[in-house]
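In what follows, a single structure is set out as structure tokens and then discussed.
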Amino acid sequence: MQFTVYAAIGALIGFFSGLLGIGGGAVQTPLTVLAFEAHGLPREHIAHIAVGTGVASIAFTAAASTLAHHRHGAVDWFLLGRLTPGLLAGGFAGGYVAQLLPTAWLAIVLAVFIGYASAAMVFELRPAPHRGLPGAAGLAALGTAVGMMSTMVGAGGAVLLVPALTWFNVPFRRAIGTGAAIGLPIAFTGTIAHVLGGLGEPGLPEGAVGYVWLPALVPFVIASMLLAPAGARLSHRVPARTLRRVFAGTMFLLAIRMAWSLARG
35 MQFTVYAAIG ALIGFFSGLL GIGGGAVQTP LTVLAFEAHG LPREHIAHIA
85 VGTGVASIAF TAAASTLAHH RHGAVDWFLL GRLTPGLLAG GFAGGYVAQL
135 LPTAWLAIVL AVFIGYASAA MVFELRPAPH RGLPGAAGLA ALGTAVGMMS
185 TMVGAGGAVL LVPALTWFNV PFRRAIGTGA AIGLPIAFTG TIAHVLGGLG
235 EPGLPEGAVG YVWLPALVPF VIASMLLAPA GARLSHRVPA RTLRRVFAGT
285 MFLLAIRMAW SLARG
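Taking the working numbering, the leading residue of the sequence shown gets 35, the next gets one more, and so forth.
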């Protein structure tokens, strides 16, 4: 039963990763926390294990989703190369900062940003037509911010990067494909940070490698990698306008979930 629950969460995340490029952490983390509580994991470690295991699973989900988008020519590899140094630095730093600081303030900022970005997509607020991508330094700074915030809240980064890229007039499907691909460097460094941060921590459940819990990671990975290509195929078959609205609606629900979590304390 526990394997089935984790596989169902992984399937949901994999499908939306392929469809919208969203790595899934903003959805996966709260679902995983509930599942871990039902499973009886130590309460003092549940949050860190949920984030660490979610970040680790993103690497596999992103690989499957990226390959599917690449086959449709929707991954901007040059842009990804410019973002990667910042993603690596920010992802590694965020994995440690998440263990030292309360993340309520970050969740507030993230919820406000997601709410604004989703509203802009629903009402089709257009960026200035002359606006293009920033230079190398600007892209490195953008990558650092996305990498750090993503790893701190256990998200894949696309929920932050896709709205930013569309603001710079990157075509929406290319923004989704590139957003899916950034999960790879973020998850790589974030996983290392969560593993190292939890090594030697007393009271971790059996099967834990640092803050990554393998009994949940395995079904997450299997199910998400199976469903990610299906979501990616669908994203290239629906009209771009519909896809934008689905993405915006999903982001808006994430913002509400974050606000509700904060209101409950």
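Idealized CB from N, CA, C, for every residue including glycine.
- Boundaries of the alpha helix (DSSP H) harbouring A266: L248 to S269, taken from the DSSP string.
- The continuous alpha helix (DSSP H) containing G48 extends over residues Q36 to L54.
- Between L122 and T212, the C-beta spacing is not below 7 Å.
- Collapsing the DSSP output to three states places V272 in coil.
- CA-to-CA, the gap between A250 and H164 works out to about 46 Å.
- The beta-bridge partner set that DSSP reports for V243 consists of V246.
- Scanning its chain for C-beta atoms nearer than 7 Å, with the 5 sequence neighbours on each side dropped, one finds around H73 the residues Q36, in chain order.
- Nearest to I83 by C-alpha distance, out of L101, Y40, G244 and P263, is G244.
- In terms of Cβ geometry, A215 and V109 form a close pair [threshold 7 Å].
- With distances taken between CA atoms, F206 lies nearest to S269 out of W247, A264, P219 and S269.
- In the three-state scheme derived from DSSP, where H, G and I count as helix and E and B as strand, H164 is classed as coil.
- In the three-state DSSP reduction, G124 falls in the helix class (H, G or I).
- Look at G283 here: in three-state DSSP terms it is helix.
- Taking the Cα positions, L248 is about 12 Å away from L238.
- Two segments are said to touch when three or more pairs of C-beta atoms, one from each, lie closer than 8 Å; by this definition the segment 86-95 does not touch the segment 167-181.
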